[in-house]
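Colleague: Residue numbers (this note's numbering): 1451 to 1755.
Note that CB positions come from ideal geometry on N, CA and C, so glycine has one too.
So that we are looking at the same thing, I have put the structure below in structure tokens.
What follows is the structure, encoded as structure tokens:
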């Protein structure tokens, strides 16, 4: 009988054999670990190389795609320091969009007159035929006038006027009246500004009831029914497309009781009838920029011109 066949020795032999197998496996695992560490080290070096290469790259310029919306006939524009809703299909608006102004010579002279009113107490500004409010907004920005009223008969123009007052935080600072101005309280036929043959919505005018143009009835009021003041200094802009004589007749008491300067648009065909009213009301001409004429009932000493 051999020693290994004796039970205690047999057990030791088996244990020793098991230890040898474990040792062999540990050797294999150790070798595998060394290989893994070597692979990890190589991978790290490769990553470091990639990072170094990335740092040397110059990033490309960002591509900016310009998105241009198609032009719209009615849009908001910034002109003359105002935010304005303008209609490219209308003559005055188109000039404002493309040239940045409208009738600059008239605006300059009106600004000069406005400054002359700064010395007066509680001056008033009336914009008769306001269209979308350019003169009213300029008068408001001057800070000269304690009260302003804008009259516009056409419904489309009046909506644009209200929009521009809103855009320029002028709502409530300028009283707006959606009526025509005439020599008495009445109803007139007014041409729809959107049908003007020359695309000039500012040229909408009073029509005869028998005239074959698209129009609609509008209320009309005389200035004397609106202005009840006495002794005020009033600067006016009057642009009513041929209805000037009637408007002047409707402000006779206002002119008699107050000091007035006005810019009146007078085309050649209306010259004689309008100037007959100007003279009847005791007003004198102080300046002309055709088709506008500047008249007043103030003396040279009072106005300085």
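Do the region 1663-1678 and the region 1690-1700 meet, that is, are 3 or more Cβ pairs less than 8 Å apart?
Modeller: Yes, they touch.
Colleague: Our contact map puts residue 1594 next to residue 1616 with C-beta atoms below 8 Å; I'd like the distance itself, whole angstroms only.
Modeller: Here the question's residue 1594 lines up with position 144 in the chain shown. Here the question's residue 1616 lines up with position 166 in the chain shown. At roughly 22 Å, the Cβ-Cβ gap does not stay under 8 Å, so residue 1594 and residue 1616 are not in contact.
Colleague: By Cβ distance, which residues of its chain are closer than 6 Å to residue 1710, with the 5 residues on each side in sequence left out?
Modeller: Stepping through the chain shown from its first residue, residue 1710 is reached at position 260. Answer for residue 1710: 1684 and 1747, listed in chain order.
Colleague: State the CB to CB distance for the pair residue 1599 and residue 1688, rounded to an integer number of angstroms; the pair is presumed to be in contact (CB under 8 Å).
Modeller: Locating residue 1599 in the chain shown gives position 149, where the first residue counts as 1. Locating residue 1688 in the chain shown gives position 238, where the first residue counts as 1. So it is not a contact: roughly 13 Å between Cβ atoms.
Colleague: Output the residue ranges of the alpha helix (DSSP H) runs that lie fully inside the region 1579-1637 and measure 4 residues or longer, sorted by chain position.
Modeller: 1584-1592 and 1605-1617
Colleague: Which same chain residues end up closer than 8 Å to residue 1637 when comparing Cβ atoms and leaving out the 5 residues on each side of it in sequence?
Modeller: To locate residue 1637, count along the chain shown from 1; it is residue 187. Contacts found: 1667, 1668, 1669 and 1670.
Colleague: Under three-state DSSP, which class holds residue 1742?
Modeller: As a working note, residue 1742 is residue 292 in the chain shown. Note: residue 1742 maps to strand in three-state DSSP.
Colleague: Please determine, among 1704, 1692 and 1657, the residue with the shortest C-alpha to C-alpha distance to residue 1686.
Modeller: Along the chain shown, one-based indexing puts residue 1686 at 236. Measuring from the Cα of residue 1686, the nearest candidate turns out to be 1704.
Colleague: Determine the DSSP secondary structure at residue 1501, reduced to helix, strand or coil.
Modeller: By one-based count along the chain shown, residue 1501 stands at place 51. Three-state result, residue 1501: helix.
Colleague: Quick one: any contact between the region 1601-1613 and the region 1544-1561, if contact means 3 or more CB pairs under 8 Å?
Modeller: no
Colleague: To the nearest angstrom, how far is the alpha carbon of residue 1534 from that of residue 1572?
Modeller: If you number the chain shown from 1, residue 1534 lands on position 84. If you number the chain shown from 1, residue 1572 lands on position 122. The straight-line gap from Cα to Cα measures roughly 28 Å.
Colleague: Roughly how far, in whole angstroms, is the beta-carbon of residue 1581 from the beta-carbon of residue 1542, given that I think they are within contact range, below 8 Å?
Modeller: In the chain shown, counting from the first residue as 1, residue 1581 sits at position 131. In the chain shown, counting from the first residue as 1, residue 1542 sits at position 92. Sure, about 7 Å apart at Cβ, within 8 Å.
Colleague: Taking 8 Å as the cut-off, decide whether the C-beta atoms of residue 1707 and residue 1676 are in contact.
Modeller: Translated into positions along the chain shown, residue 1707 becomes position 257. Translated into positions along the chain shown, residue 1676 becomes position 226. Against a cut-off of 8 Å, the Cβ pair of residue 1676 and residue 1707 comes out as no contact.
Colleague: Could you give the first and the last residue of the continuous beta strand (DSSP E) run that contains residue 1525?
Modeller: Counting from one through the chain shown, the residue named residue 1525 turns up at place 75. Where residue 1525 is concerned, the enclosing beta strand (DSSP E) stretches over 1524-1529.
Colleague: Assuming residue 1683 is part of the beta strand (DSSP E), what are its boundary residues?
Modeller: By one-based count along the chain shown, residue 1683 stands at place 233. First-last of the beta strand (DSSP E) with residue 1683: 1683-1688.
Colleague: In the DSSP assignment, find the unbroken alpha helix (DSSP H) run with residue 1559 in it and report its ends.
Modeller: Reading the chain shown from its first residue, position 109 is the one you call residue 1559. Judged by DSSP secondary structure, residue 1559 falls within the alpha helix (DSSP H) whose first and last residues are 1554-1566.
Colleague: For the region 1672-1735, which segments carrying the alpha helix (DSSP H) assignment without a break, of at least 4 residues, lie completely within its bounds, in sequence order?
Modeller: 1694-1699, 1702-1707 and 1721-1730
Colleague: For residue 1643 and residue 1539, I'd like the C-alpha separation in whole angstroms.
Modeller: The residue labelled residue 1643 in the question sits at position 193 within the chain shown. The residue labelled residue 1539 in the question sits at position 89 within the chain shown. Straight-line Cα distance between these residues: approximately 12 Å.
Colleague: On the criterion of 16 or more Cβ atoms from any shown chain inside 10 Å, does residue 1664 qualify as buried, or is it exposed?
Modeller: Here the question's residue 1664 lines up with position 214 in the chain shown. That one is exposed.
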